[in-house]
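Read through the structure below, which is laid out as structure tokens, and then see the notes.
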Amino acid sequence: VEIENLVMYFPITAGVLQRKIADVKAVDGISFYIKRGETLGLVGESGCGKTTTGRCILQLYKITGGKVLFEGKDLTKLKGREMRSMRRNMQLIFQDPYASLDPRMTAGNIIGEPLLVHNLVKGKEYKEQIAELFRMVELEPYMAERYPHEFSGGQRQRIGIARALAVRPSLIICDEPVSALDVSVQAQVTQLLMRLREELNLTYLFIAHDLSVVRYISDRVAVMYLGKLMEITGSDELYDNPLHPYTQALLSAVPIPDPGKAQSYHMRRACFSTGCFSPGTGHPAADEAPRGT
Numbered sequence: 024v025e026i027e028n029l030v031m032y033f034p035i036t037a038g039v040l041q042r043k044i045a046d047v048k049a050v051d052g053i054s055f056y057i058k059r060g061e062t063l064g065l066v067g068e069s070g071c072g073k074t075t076t077g078r079c080i081l082q083l084y085k086i087t088g089g090k091v092l093f094e095g096k097d098l099t100k101l102k103g104r105e106m107r108s109m110r111r112n113m114q115l116i117f118q119d120p121y122a123s124l125d126p127r128m129t130a131g132n133i134i135g136e137p138l139l140v141h142n143l144v145k146g147k148e149y150k151e152q153i154a155e156l157f158r159m160v161e162l163e164p165y166m167a168e169r170y171p172h173e174f175s176g177g178q179r180q181r182i183g184i185a186r187a188l189a190v191r192p193s194l195i196i197c198d199e200p201v202s203a204l205d206v207s208v209q210a211q212v213t214q215l216l217m218r219l220r221e222e223l224n225l226t227y228l229f230i231a232h233d234l235s236v237v238r239y240i241s242d243r244v245a246v247m248y249l250g251k252l253m254e255i256t257g258s259d260e261l262y263d264n265p266l267h268p269y270t271q272a273l274l275s276a277v278p279i280p281d282p283g284k285a286q287s288y289h290m291r292r293a294c295f296s297t298g299c300f301s302p303g304t305g306h307p308a309a310d311e312a313p314r315g316t
């Protein structure tokens with residue numbers, strides 16, 4: 024996957040005629056790549072454009088500008104049936120395991136729906152494939168007849184993962200898949216995602232604001248602020264030697280249980296009052312930098 028100068032602006036309208044008066048620069052000219060089988064962590068505070076970036080890659084939004092290259096094709100130029108066939112290779116795991124599952128459908132039907140939409144299986148193979156998907160995410164096949172309210176939060180997220188795996192994608196956008204779960208369940212789901220990546224040679228864009236989870240699962244990490252990328256480098260390097268002041272500010276906010284290892288960067292917190300609504304001057308993270316930087 025290769026992203027070139029991706030831009031996504033949302034218009035702000037006012038008045039009876041809903042005339043455009045400004046733009047929200049949700050994603051403002053970012054570029055990065057993800058190798059096959061790699062996990063790229065995308066971190067930043069709420070509202071920085073992480074989720075919008077993931078949805079732009081999947082072409083769920085009509086982007087304002089830039090290119091999204093996947094398997095050598097520019098997705099922004101594909102339409103209709105050709106785009107639909109490409110979507111089989113790209114799937115999304117949602118943040119909220121409660122809102123992302125239809126309460127009127129059984130778990131088996133939820134997982135099996137993508138198989139029917141893309142005409143991948145018929146007859147007896149349908150139930151066999153659903154049972155296999157349940158086992159892949161460490162759930163028992165007999166649970167297929169249950170409804171979402173009969174599962175715990177961690178089990179619901181496993182159902183969401185199984186649904187994403189149903190069409191055998193190569194790229195999965197993980198949109199904060201563990202943020203709504205308890206800490207113990209977070210570890211289990213994270214380990215499951217890592218195992219599936221190794222077994223199926225999956226590529227992940229792992230969106231999160233929990234830096235400890237991102238370090239555990241990611242090969243490289245990109246730091247995002249107000250629609251722009253501040254820094255992108257190897258996971259260990261980012262945490263051991265953060266170069267950008269905003270990255271240092273994010274890391275300084277992570278609680279460290281060992282006082283001897285704790286580091287204090289004495290950084291000021293970000294101010295979101297007007298930054299994403301006006302062009303401003305200079306670097307978008309200028310307010311984050313200490314004097315003399």
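Oh and the sequence shown: position 203 is 226 in this note's numbering, straight run, nothing missing. All C-beta atoms in this analysis are idealised placements derived from N, C-alpha and C, irrespective of residue type, glycine included. Here the structure is a predicted model, which is why all the values come from computation and not from measurement.
Cross-strand partners of residue i (DSSP beta bridge)
| i | result |
| --- | --- |
| THR36 | LYS43 |
| LEU228 | LEU63 and ILE196 |
| LEU124 | None; LEU124 has no bridge partner. |
| GLN114 | ILE195 |
| ASP51 | VAL30 |
| GLU25 | TYR56 and LEU92 |
| ALA245 | LEU65 and ILE255 |
| ASP97 | LEU92 |
Buried or exposed by the 16-neighbour rule on C-beta atoms within 10 Å, applied to residue i
| i | result |
| --- | --- |
| TYR248 | buried |
| LYS48 | buried |
| GLN41 | exposed |
| LYS96 | exposed |
| ARG243 | buried |
| HIS289 | Any reading at HIS289 must be qualified, since the residue scores a pLDDT of 41, below 50, and its modelled position is unreliable; the value itself is stated next. HIS289 is exposed by the Cβ-count criterion. |
| PRO34 | exposed |
| ASP51 | buried |
| LEU115 | buried |
| PRO126 | exposed |
| VAL24 | buried |
| LEU29 | buried |
| GLY38 | exposed |
| ARG59 | exposed |
| THR76 | buried |
| LYS251 | buried |
| ALA276 | exposed |
| GLN286 | At GLN286 the pLDDT is 47, less than 50, meaning the model places this residue with poor confidence and gives no usable figure here. |
| SER241 | buried |
| VAL201 | buried |
| GLY72 | buried |
| ILE57 | buried |
| GLU168 | exposed |
| GLU254 | buried |
| ILE184 | buried |
| GLY257 | exposed |
| CYS299 | Confidence at CYS299 is low in this model, with a pLDDT of 42, below 50, so its placement is unreliable and no value can be given for it. |
Presumed contact (8 Å Cβ cut-off) between residue i and residue j, rounded CB distance
| i | j | result |
| --- | --- | --- |
| VAL66 | ILE80 | Rounded, the Cβ-Cβ distance is 16 Å, inconsistent with contact. |
| VAL246 | TYR269 | 7 Å |
| ALA82 | LEU98 | A quick correction: the sequence has Gln, not Ala, at residue 82. The pair is a contact, with the Cβ atoms about 5 Å apart (cut-off 8 Å). |
| SER54 | GLU94 | Contact doesn't hold; Cβ gap of about 18 Å is too wide. |
| ASN112 | SER193 | 5 Å |
| ILE182 | LEU124 | 6 Å |
| MET31 | THR87 | 5 Å |
| GLU68 | HIS232 | 7 Å |
| GLN180 | LEU204 | 6 Å |
| VAL140 | GLN152 | The Cβ separation is near 13 Å, so there is no contact. |
| TYR262 | LEU273 | About 10 Å separates the two Cβ atoms, so there is no contact after all. |
| VAL206 | GLY176 | At roughly 12 Å, the Cβ-Cβ gap does not stay under 8 Å, so VAL206 and GLY176 are not in contact. |
Residue-level contact to chain B via CB, residue i, 8 Å cutoff
| i | result |
| --- | --- |
| LEU115 | In the displayed structure, chain B is absent; only one protein chain is listed. |
Check: residue i C-beta below 7 Å from any heavy atom of the ligand SAH
| i | result |
| --- | --- |
| LEU101 | Only the bare structure without any ligand can be found here, which leaves the ligand SAH out of the picture. |
**Request:** Take every Cβ of the region 191 to 211, pair it with every Cβ of the region 224 to 244, and state whether three or more of those distances are shorter than 8 Å.
**Result:** yes
**Whole alpha helix (DSSP H) elements within the region 123 to 155, 4-residue minimum** = 130 to 140
**Item:** Meets three-Cβ-pair contact criterion under 8 Å: the region 98 to 108 and the region 176 to 195
**Value:** no
**Asked** Is the region 121 to 132 touching the region 211 to 223 in the sense that three or more CB pairs, one from each, lie closer than 8 Å?
**Response** no
**Prompt:** Do three or more CB pairs link the region 106 to 120 to the region 152 to 167 at distances below 8 Å?
**Reply:** no
**Request:** Kindly provide the ranges of any alpha helix (DSSP H) runs that are 4 or more residues long and lie completely inside the region 166 to 224, ordered along the chain.
**Result:** 176 to 188 and 206 to 223
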